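Undergrad: Quick one: the structure is below, questions incoming.
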Amino acid sequence: MASERNVPRPRIRQWNCRSLRRRHAELVQLLPRIDCDVFALQETHVRAEEIKIPGYIGYSGPTSCAASSCSAVPCYDAAHRTGAPRTAIYVRTSLPHVVVSVGDLVSDAVECCAVIVRVRNTDTAVASVYVRPGVSWNAAFVEKLSDRLGKDAVICGDFNAHNTHWGCQGIARLCRADLAAHELERALESRRDSRSAPGADGITYKMLLNIDRGQRPALLAAYNEIWRSGDIPAEWRSAIVVPIHKKGKPQGVTSSYRPVSLTSSAGKILEAVALHRLEWIAAVREALSPEQSGFRAGRCTADCIAQVMSILEQAKAERQEAYLVLLDVRSAFDMLPHEVIMDALRWLGVSARLLRYVEAFLTGRTFQVRVGSTCSTE
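In structure tokens, the structure reads:
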């Protein structure tokens, strides 16, 4: 932004919220602690008109519609149901402002919205931009947007600008790359407070963490040898299953026990590294729904509850009906065929060593049941 010093400007906050509906309560709670005139949000996945922020007016960017037969981006057909925009801007209600038309700049790869805000007779343009990951887009968009906004402008956004020049690896390279020292250190540190019992090999997390820093390269080399070969040690694929009695359930019934699998701590370190890479790929490819909270870092069941409460409160305020359907799929993960998992990974672009590792991880697994000090045969 080109401007003179000491010129009054709006206070701007930019945030990739990854589902505004889910993070709405968190944002409202933060309002008293932050002094902000404009919020530029990305990955909102909801129209700003549907989510109210006290003291602010919201605007969404144009997006594709939900009609499968329509290929227009953006879509202006009033008969078509609007899709979920990925960008939004909220402006303090006390500030004069106008919306900038940017619909002609939007494509199936880039979404944006923009406003011009006036603070003490000085105008500043603010844009919120989101570039979808894994798609090709024309960088000339930035020049066109800059021309549209004028010289006094702030362009905020998530450009998904993954590039090896600043340490980011592409999916294919990440799948075949050797394990890095920082990946091993992160996996080990994440288990520092773990009290998990060891698997059949007897190796504990504490043993691995007590390895001298000078010997960590040797540990990394051992892991990389397994990673390159794709051959997981048999001990890592063997589990000791300990049945834990469910409180209040009859002891003579099999379903009254919860099976807990004890597997190799050394093997789980490699699992943690592979999982972190898979999570990165899933995020880049937008494979997971923004509303999903299960098995995702930094999320919990409270997020789901907050989202449901937000929807119910909104329906109540608008005097509409809201229905909640709860499904409990028994043994969902046990019933999932391994071929389905592998096909899903290939669809995400997972290949090379990472794909071979997952396939080896799912193959040839054995277990023993231990009751007291007695173990069954495999």
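Heads up: the sequence shown runs through residues 11 to 388, numbered per this note's numbering.
Even for Gly, the Cβ is constructed at its ideal location relative to N, Cα and C.
Small disclaimer: the values here were computed from a predicted structure and weren't measured.
Return the CA-CA distance between G382 and V251, expressed in angstroms with no decimal places.
TA: Their Cα atoms are separated by approximately 11 Å.
Undergrad: Taking buried to mean at least 16 other C-beta atoms within 10 Å of its own C-beta, is C385 buried or exposed?
TA: Classification of C385: exposed, given that the 10 Å Cβ count is below 16.
Undergrad: Give the DSSP-derived three-state secondary structure of H55 in the structure shown.
TA: In this structure, H55 counts as coil in the three-state DSSP scheme.
Undergrad: Helix, strand or coil: how does DSSP classify N234 here?
TA: N234: helix per DSSP, three-state reduction.
Undergrad: Using three-state DSSP, classify P18 as helix, strand or coil.
TA: Here P18 sits in coil by DSSP.
Undergrad: Report buried or exposed for R202, applying the criterion of at least 16 other Cβ atoms within 10 angstroms of its Cβ.
TA: Per the 10 Å Cβ criterion, exposed.
Undergrad: Taking C-alpha atoms, which residue in D241, R329, L364, R238 lies nearest to H286?
TA: Comparing Cα positions, the closest option is L364.
Undergrad: Ordered along the chain, which non-local residues of its own chain (more than five positions away) have a Cβ less than 8 Å from that of W237?
TA: Here the set comprises D188, L189, L280, R363, Y367.
Undergrad: Take every Cβ of the segment 47–65, pair it with every Cβ of the segment 102–109, and state whether three or more of those distances are shorter than 8 Å.
TA: Judged by Cβ distances under 8 Å, the segment 47–65 makes contact with the segment 102–109, as three or more pairs qualify.
Undergrad: Give me the Cβ distance between A137 and A119, rounded to the nearest whole Å; I'm assuming they're in contact under 8 Å.
TA: Incorrect: roughly 16 Å between the Cβ atoms, too far for contact.
Undergrad: Looking at C-beta atoms only, is the number of pairs between the segment 240–248 and the segment 265–282 that lie closer than 8 Å three or more?
TA: Because the criterion of three Cβ pairs below 8 Å is met, the segment 240–248 and the segment 265–282 touch.
Undergrad: So V116 and Y69 are supposed to be a Cβ contact under 8 Å. How far apart are they, rounded?
TA: In fact, because the Cβ distance is near 14 Å, the residues do not count as touching under 8 Å.
Undergrad: Please give me, in chain order, every unbroken run of the alpha helix (DSSP H) with length at least 4 that falls completely inside the segment 293–344.
TA: Taking only runs of at least 4 residues, the alpha helix (DSSP H) segments lying wholly in the segment 293–344 are 311–327.
Undergrad: What does the Cβ neighbour count give for I181, buried or exposed, with the cut at 16 atoms within 10 Å?
TA: Its Cβ being crowded by 16 or more others within 10 Å, I181 is buried.
Undergrad: I'd like the list of long-range same chain contacts for G65, defined as Cβ closer than 7 Å, with 5 residues on each side in sequence excluded.
TA: Closer than 7 Å at Cβ, skipping near neighbours: R102, T103.
Undergrad: Name the two residues that bound the continuous beta strand (DSSP E) containing R268.
TA: Where R268 is concerned, the enclosing beta strand (DSSP E) stretches over 267–272.
Undergrad: Within 10 angstroms of the Cβ of G224, are there 16 or more other Cβ atoms? Answer buried if so, exposed if not.
TA: Result: exposed.
Undergrad: How long is the line joining the alpha carbons of V38 and D338, rounded to whole angstroms?
TA: So the alpha carbons of these two residues sit roughly 32 Å apart.
Undergrad: Rounded to whole angstroms, how far is the Cβ of A332 from the Cβ of I315, which I believe are closer than 8 Å?
TA: The Cβ separation is near 14 Å, so there is no contact.
Undergrad: Tell me the rounded alpha-carbon separation between I391 and D313.
TA: Coverage of the chain is limited to positions 11 through 388, which leaves residue 391 absent and any answer about it impossible.
Undergrad: Hey, how far is the Cα of L358 from the Cα of R295?
TA: The straight-line gap from Cα to Cα measures roughly 7 Å.
Undergrad: Going by beta carbon distance, what residues of the same chain come within less than 8 Å of G177, once the five residues before and after it are set aside?
TA: Because G177 carries a pLDDT of 48, less than 50, the predicted location of this residue cannot be relied on, and the following value inherits that uncertainty. Same-chain partners within the cutoff: there are none.
Undergrad: Which of the three DSSP states is assigned to S248 in this structure?
TA: It is a strand residue.
Undergrad: To the nearest angstrom, how far is it from the Cα of Q52 to the Cα of D168?
TA: Each residue's Cα considered, the two are about 7 Å apart.
Undergrad: Sort out for me which residues DSSP pairs Y69 with in a bridge.
TA: Paired residues: I99.
Undergrad: Report the CB separation of P18 from R130 in whole angstroms; it is logged as a contact under 8 Å.
TA: Rounded, the Cβ-Cβ distance is 4 Å, consistent with contact.
Undergrad: Does the Cβ of K278 have 16 or more other Cβ atoms within 10 Å, making it buried, or fewer, making it exposed?
TA: When all chains shown are included, K278 counts as buried.
Undergrad: Measuring CB to CB, does V141 end up less than 7 Å from W147?
TA: In contact: V141 and W147 (Cβ atoms closer than 7 Å).
Undergrad: If I follow the unbroken alpha helix (DSSP H) through Q39, where does it start and stop?
TA: Start and end: 30–40.
Undergrad: Cα separation between H55 and I221?
TA: Whole-angstrom Cα-Cα distance: 46 Å.
Undergrad: Is the Cβ-Cβ distance between V127 and P227 less than 7 Å?
TA: For V127 and P227, no; Cβs fall outside 7 Å.
Undergrad: Give the straight-line distance between the Cα atoms of A342 and D157, rounded to the nearest whole angstrom.
TA: Straight-line Cα distance between these residues: approximately 52 Å.
Undergrad: Using a Cβ-Cβ cutoff of less than 7 Å, which residues in the same chain neighbour A282 once the five nearest sequence positions on both sides are dropped?
TA: Cβ within range, chain order: A197, S200.
Undergrad: Applying the 10 Å Cβ sphere with the 16-neighbour rule, what's the burial state of Q330?
TA: Burial call: exposed.
Undergrad: Looking only at its own chain, which residues have a Cβ that is under 8 Å from the Cβ of S266, when we skip the five neighbours before and after it?
TA: So the qualifying residues of the chain are H255, K256, K259, P260.
Undergrad: Anyone know if the C-beta pair for G71 and C123 falls short of 7 Å?
TA: Yes, Cβ-Cβ distance for G71 and C123 is below 7 Å.
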